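Just below is one structure, and these are the notes that go with it.
Residue numbers (our numbering), protein chains in the order written: chain A, 1 to 344; chain B, 1 to 344; chain C, 1 to 344; chain D, 1 to 344.
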């Protein structure tokens, strides 16, 4: 029994995705995203989101995020985000590279979430010195957040509203967007464009695909030409793009993406309940999606590791760890994990 | 019967590659290229090339080429290549982007091939004006070339020697490297590092993979840290890299890559023979790999298209066309093509 | 007697310019181009050119050129220019740096001048492959040219018209713009905005200033915000900008710039006449401004050097040399040069 | 009487500097920093600093800082500095532009000064995630600081030592270096290379020059080629560089720079004493160089302005203001300022 809760990035692809890839592997088709699968993306995502959506398929979330930000901020522009955001902590400078020198400005917030007033203050305190300052240019939210929490649609709307006061469009990093929507139970449109989000990095790789992500533009797609140029010159226009697009289509067909994410979320909830009942361990953040951050003693974590459980001791801490539940983790594995925890 | 000879980029993946992908789709493995498949790449390619090889898997040839050139040239450096090279004609400025403003300098050469003396003259006539000029920094060769021709190992060695006179290291764009090696019959090492090539973009996507390419460094791998940083910040470090690496391993296992390429080459040779026998059509370049450039009348090409054959009228010409033969084109299809041609 | 004809870059500033600098050196004034001198630039240049002009003072021509091109071309855009243009030959990659990876495309032309049809063909043969190609984005002309020749207003208009057919705006590198206008005898507006030029790098350093150049935008100044941001982030917004602006104002006041350039042109014409009378030396290009390119024997040039004359043997040639006449070269010096030449 | 204390950037050049410029304005000299003035810089600064110094003259501090950082950090590198540092607050993204996407990491510190332990913690908490993180690459100190305070040589040494523990070289932004050295009374070498500083942006524009700054490399000058390439491609290689170099030589000759700075410091000290005696105003930071930050009521500042005094209300505050004293402010003006303050 596999007791790996280190990262959903370590999971294999779902059977449905492999089947779709196999089905798409027939005959000659146009290259460079002019195939039938790629051509169907706009309509499929438009239907899913209930509005006109322009879709740019790519193979990594870093590419989707970085291309999006390069569309929204000029080289002398700054992008506001949470201090713990993936774009600022984990992408090796890709946003700055694609953006030709943009600056990411981290804003502190509890439980991995930005709040409107600190965001307003941060924007207001920057950019007031003309060309000497960076020009505040965009806001980037992560949904679900890096802390495993979720923005309610009203919270997204409030943040988009605060950004709009300064003329800033909003990007959402949806590396774990499926987990958020599965948890919220709302429509994907409700927590994105209806709340004011202009571009979404729609993630699929973590939740059942091999390597499939998409940059979505809601409504106005005037920036798609910019995005396509950046995709090409960053080497992300796959010649055989059908294989990415086929994954994406299968992923959103018949609600597969939400079933997979819902399963992962349920496992996380089960584990969270076990932690809450434990006399010494505790939850660092509310568990709302598929990630669980646990505060425990170093000894506790060591015993857990000794029992064969794999998870991530949080860098720089020895009393906090992250457990991520994936689309393919078995319920038995989760139960076993809970038993082991209870026994320590 | 599929009569598509437009591009090998339009072909599906080989059955063996799909099988390898499926086999790799089991259980949790380390993410970000720390999985077992990725870890085996260095030794597998070292064995294949007969020397120490450091391997950086990526998903597109443009990424491999651009990362390689960013390693070899500073931002103020120029890279010499054939005027028709893919890097200068077809990559949308990716080398310049990854290289932070490097310049590509095209050198004219017959049949898609560079020759040593014109190369020497071009290098010598540039870069002589200190900081006012670009610094000549690298040479990039394409093997097989964009004209479907092949450099003999001695020719590669001569060009590497000419470059070395100016201190320039050599990169090889091997988008169709398999076709070249299958045709040459030499070892892969003989036409690369033994001839003086320092880095190779080892292509696999066109010849049977979904999306699998690799940047290879021969011998000294001191620049691999640079390459890994660039891969990350260009968004090319896939979280589930096992799927790229598994393709690459299957591709070079038991000579699959050469069998696939040999088949494509044989089809091209068959078609070339048919063209040579045709009273009005002729070959634009020697046919040495899997591409055939045909000179014919506009009317001839139109009749061919009317017969259901798909191929590429060369941009800016109406009397030249390119036919590319892929790993999966059937011999029957080739015969049918030859019959149609003969009948016009 | 100073017999230096190597470059007008080696000349000192004119007395009037030094006086203006000295006069501006009084008391405190606003920094960062908000001083009275800088504030007067727009109106002074608007009057000079007979239309609304927005002026961005900088200290080098490379900065002016590179900022201009960064305004006109996106990072994936190409800029067409003569193969011998300063921007492509002598600026060390500055246009590519400021432009985040733009490409300069050289077009061949006699006597340092572009012609409309080869330009059309070059643009048409590029950029036809969507995102795979660079996007043709701008044309850059040099006036007077790097060969010392001049575009007539009608020629400028014809080239601007050809560029406009492809939607390309036109930049003019006017490092020696004064020499051109002094020779043409037309108004500065006639050979720029009236002929279709959108931006001009107005040079002054070579012709009597210390370090003073300006980027001029004619009519629509919507791109000035872009230019100001680029000036700041390239380190070209001097805190004490009054000293650049004061030079520029003095330079164009009362026709100083044209008097200085006219003097230089006259010296060049005198020397050209001497060359034409020489039995063995000849002019390489028509002499229309302040540069004279001479074709002569190696021995001839060596004797000239031995006589104490300083000039530039053209790189890569031993039978061609360039002589540049500056605003401050004495007529006696020119006569002495002519005598020496005649005596060889 | 001029009561302008807004910024030393608003001051004119010293008479000695204007005289030097005038003296250098004679005859033809080699262009592009190959003139005699430029050639003397290395030896003049080596003598001043008591070690081998390689000097790169430029015209702005932003250029000097940004070129220096581009030498010390790769594109994926981070540079640590104080949160209030000029490079991060006031240079419009120039360091990020010259550095092709480097990241500046601000570290909090009292009175505008960094301290070793917070610096260590900041470095240690970053860059631990391989290619996913920026690579900690350099430290940048400002001397005198943006708060008008000064690092003692031992403090510089301690910070350089902390940086060295992580392998980080140190850059010093010396826009007001003269004010620091005049106040410290130590040799310029003692607070720079002897304390571990590798590169210094030696400022002169604020303290009596027109536009003259220099990037100084101590000891090893292997990175000078990088710096020269960056200077050229950023448009900072003036054709008539003699005018910058002549300013620099005159500035350090016979201690002019320290006399000018000492005067400015003395005025600041006089004003600081007046503030300390005031019942309602107070000093925000220790006054150690030529800048005075005053905490006072809004009404107090308004009365001061009404009395004709010019100074800078600190952005975002209405109860703090900055007063900068320059090389040319008269002692009478300072006395008048003190009287006005005392009368409010």
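Heads up, the beta-carbon is just placed ideally off N, CA and C, and yes, glycines get one too. Note that the structure is a prediction, hence the values are computed from the model and not measured.
May I ask you to list the residues that DSSP assigns as paired with residue i?
i	result
residue 103/D	78/D
residue 270/D	DSSP output for residue 270/D lists no bridge partner at all.
residue 173/B	142/B and 201/B
residue 310/D	4/D
residue 293/B	322/B
residue 282/C	295/C
residue 58/C	213/C
What residues from chain D crowd round residue i, counting only those whose CB sits closer than 8 angstroms?
i	result
residue 315/A	128 and 129
Please list, in chain order, the chain C residues whose beta carbon lies closer than 9 angstroms to that of residue i.
i	result
residue 304/D	Simply none; closest approach about 17 angstroms.
Please list, in chain order, the chain A residues whose beta carbon lies closer than 9 angstroms to that of residue i.
i	result
residue 132/D	89, 90, 91 and 92
residue 236/C	Simply none; closest approach about 11 angstroms.
Run through chain D and tell me which residues come within less than 7 angstroms of residue i, C-beta to C-beta.
i	result
residue 76/A	92 and 93
residue 125/A	316
Please list, in chain order, the chain B residues whose beta carbon lies closer than 8 angstroms to that of residue i.
i	result
residue 18/A	21, 22 and 25
residue 120/C	Those within 8 angstroms of residue 120/C in chain B number zero; the least Cβ separation is about 13 angstroms.
Find the residues of chain A that neighbour residue i, judging by a C-beta separation of less than 8 angstroms, and give them in chain order.
i	result
residue 291/B	Going along chain A, no residue has its Cβ under 8 angstroms from residue 291/B, so there is no contact; the nearest lies around 15 angstroms.
Can you list the residues of chain C that residue i reaches, using a CB-CB cut of under 8 angstroms?
i	result
residue 97/D	233 and 234
residue 336/A	Those do not exist, as residue 336/A stays about 50 angstroms from chain C at its closest Cβ, beyond 8 angstroms.
Strictly below 7 angstroms CB to CB, what residues from chain C border residue i?
i	result
residue 6/A	Per Cβ cutoff of 7 angstroms: no residues; residue 6/A is ~37 angstroms from chain C at best.
residue 12/D	25, 26 and 27
What does residue i touch in chain B if you count any residue whose Cβ is under 7 angstroms from its own?
i	result
residue 2/A	27 and 28
residue 103/C	93 and 96
residue 242/D	Here the premise fails: no neighbours, minimum Cβ distance about 18 angstroms.
Going along the region 198-227 of chain D in order, which residues come within less than 8 angstroms of chain C, judged by CB to CB distance?
205, 206, 210 and 211
Taking the runs of the beta strand (DSSP E) that are 3 residues or longer, which of them lie wholly in the region 127-160 of chain C?
135-142
Note down, in chain order, all residues in the region 244-262 of chain B with a beta-carbon under 7 angstroms from any beta-carbon belonging to chain D.
none
Validate contact between the region 49-60 of chain A and the region 236-243 of chain B using beta carbons, cut 8 angstroms, 3 pairs:
yes
Only counting runs of 4 or more residues, tell me where the alpha helix (DSSP H) segments fall wholly within the region 14-56 of chain A, in order along the chain.
15-24 and 36-49
Three or more C-beta pairs under 8 angstroms: does that hold for the region 286-294 of chain D against the region 136-156 of chain D?
yes
Is there contact between the region 177-185 of chain B and the region 199-218 of chain B, where contact requires at least three CB pairs shorter than 8 angstroms?
yes
Using a Cβ-Cβ cut-off of less than 9 angstroms, give me the residues of the region 49-79 of chain D that come near chain C, in sequence order.
58, 59, 60, 61, 62, 63, 64, 65, 66 and 67
Which runs of the beta strand (DSSP E) at least 3 residues long sit entirely within the region 208-275 of chain B? Give them in chain order.
213-218
For the structure I just gave you, are there three or more beta carbon pairs, one from the region 115-135 of chain C and one from the region 88-100 of chain C, closer than 8 angstroms?
no
Please name the residues in the region 137-158 of chain A whose beta-carbon is closer than 9 angstroms to at least one beta-carbon of chain D, in chain order.
none
Counting Cβ pairs, one atom from each stretch, are 3 or more of them under 8 angstroms apart for the region 72-83 of chain C and the region 96-110 of chain C?
yes
Meets three-Cβ-pair contact criterion under 8 angstroms: the region 298-308 of chain C and the region 317-328 of chain C
yes
Three or more C-beta pairs under 8 angstroms: does that hold for the region 18-29 of chain C against the region 213-226 of chain C?
no
Check whether the region 254-270 of chain A and the region 4-20 of chain A touch, using three or more Cβ-Cβ pairs below 8 angstroms as the test.
yes
At least three beta-carbon pairs within less than 8 angstroms, the region 27-47 of chain D to the region 271-282 of chain D
no
Taking one C-beta from the region 218-230 of chain A and one from the region 191-200 of chain B each time, how about it: are there three or more such pairs within less than 8 angstroms?
no
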